[in-house]
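Here's the structure, in structure tokens; my notes come after.
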Amino acid sequence: MAAITTLESLLEMGFDRNRAERAVASTGNQGIEQAMDWLMEHENDPDIDEPFVPPAENVLGGIVEEQSTSEFADTGEGNLSTVLFRLEELMRFKQAERREREKAEEIEREKTRRKQGQELQQIRQKLQDDDMKKLADQRRKEKMEDKLARQRVKDKIARDREERAQKFGGGTSFSATPTSQQSPTSPTGQGPPPTKREYDESRIQIRLLDGSTITAVFKAQEPLAAVRVYVQMNGNTPEGLDFSLLSPYPRHLYTELDMEKPLKELGLVPSAVLVVTKLKNEESSL
């Protein structure tokens, strides 16, 4: 019996003829092992089952290489079965080898995926930590700016107090007086009294929420906001309380726009009486 060719061996093992011919041609008819390796590597190619056109040189009709010829030479009907058996064993070995290789590659891909996931998580954590740090720094900065702004207001009030104290003979220009005591020079209404003098200061008596009064002297060009700040610092008003100032006679509730206007423009020079009132319940404070 003639020696078994590579193509015949593949067909005996159950491979499709089209695939077998393609494998033999692609490996140059170098032997059954190379052809089987090619088939297992290319079994998922999109063109594996397209009609195969044999090359010009006849590589399909050649016999197995010299080693294969000597190893699988026909010496009888029983030897053919032995050859097929050994070829099937070789195919199973190659398939097991491929599965082990694919398993190892899958393990490496999983390791790479986990490593990338850990790196991504670390990057996200770092970004989150940076954002939290920036937010904390911003809050500290805002608190510091607020503290400095409050300190500037306190310093300004202190400087004004010293200037007034020096001008009035070294005594303090601010004094708290009982509710029942009222300066005889305090006007009973809003606006300056008839006079030909041009006043540059205003003496303002302020009635607090608890009924007590305090008196202070301000520059005529100071804004009404200076009076409100003085009340916040010296009037024992609860921190955060939203209040405004009210002129009782004639009744006039000063707005936020009024707070930026000079006392002289608001008719509070040379003296005036103001009442501290809660914005939502000014009627009950009178």
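First residue of the sequence shown: 18, per our numbering; consecutive thereafter.
Backbone N, C-alpha and C define an ideal beta-carbon position, used for all residues, glycine too.
This structure is a prediction, so every number in the text was calculated from the model and none was measured.
The beta-carbon distance between serine 288 and isoleucine 231, rounded to whole angstroms, is 14 angstroms. This is too long to meet the 8 angstroms contact definition. When DSSP states are grouped into helix, strand and coil, alanine 37 belongs to the helix group. In this structure, valine 290 lies away from tyrosine 216, with their beta-carbon atoms at least 7 angstroms apart. Residue range 268 to 270 is occupied by the beta strand (DSSP E) that includes leucine 270. Under the 10 Å beta carbon count, phenylalanine 110 is surrounded by fewer than 16 other beta carbons and is classified as exposed.
Between the region 238 to 247 and the region 274 to 285, the count of C-beta pairs closer than 8 angstroms reaches three or more; the two stretches touch. Relative to asparagine 253, the option among Tyr266, His269, Leu226 and Tyr271 whose CA is nearest is Leu226. Going by beta carbons, valine 41 and leucine 56 fall outside the 7 angstroms limit. For the pair glutamate 123 and glutamate 136, the Cα-to-Cα distance works out to about 20 angstroms. In the three-state scheme derived from DSSP, where H, G and I count as helix and E and B as strand, glutamine 238 is classed as coil. DSSP places serine 26 in the uninterrupted alpha helix (DSSP H) bounded by 23 to 29. For the region 217 to 264, the continuous beta strand (DSSP E) assignments of 3+ residues that do not extend past its boundaries occur at 218 to 224 and 230 to 236, in sequence order. In the displayed model, leucine 280 falls within coil according to three-state DSSP, outside both helix and strand. Between the C-alpha atoms of threonine 99 and arginine 126 there is a straight-line separation of about 40 angstroms. Rounded to whole angstroms, the Cβ separation of valine 170 and arginine 224 is 23 angstroms, and the two are not in contact under 8 angstroms. Distance check between valine 234 and each of Lys281, Leu28, Leu263 and Pro255 places Lys281 closest, using alpha-carbon atoms only. Apart from sequence neighbours up to five positions away, the residues of its chain that approach arginine 115 with a beta-carbon distance below 6 angstroms are Met57, ordered along the chain. Relative to proline 255, the option among Lys295, Gly45, Pro265 and Glu218 whose CA is nearest is Lys295. For leucine 291, the uninterrupted beta strand (DSSP E) run begins and ends at 288 to 295, by DSSP. For methionine 250 and arginine 214, the gap between their C-alpha atoms comes out near 32 angstroms.
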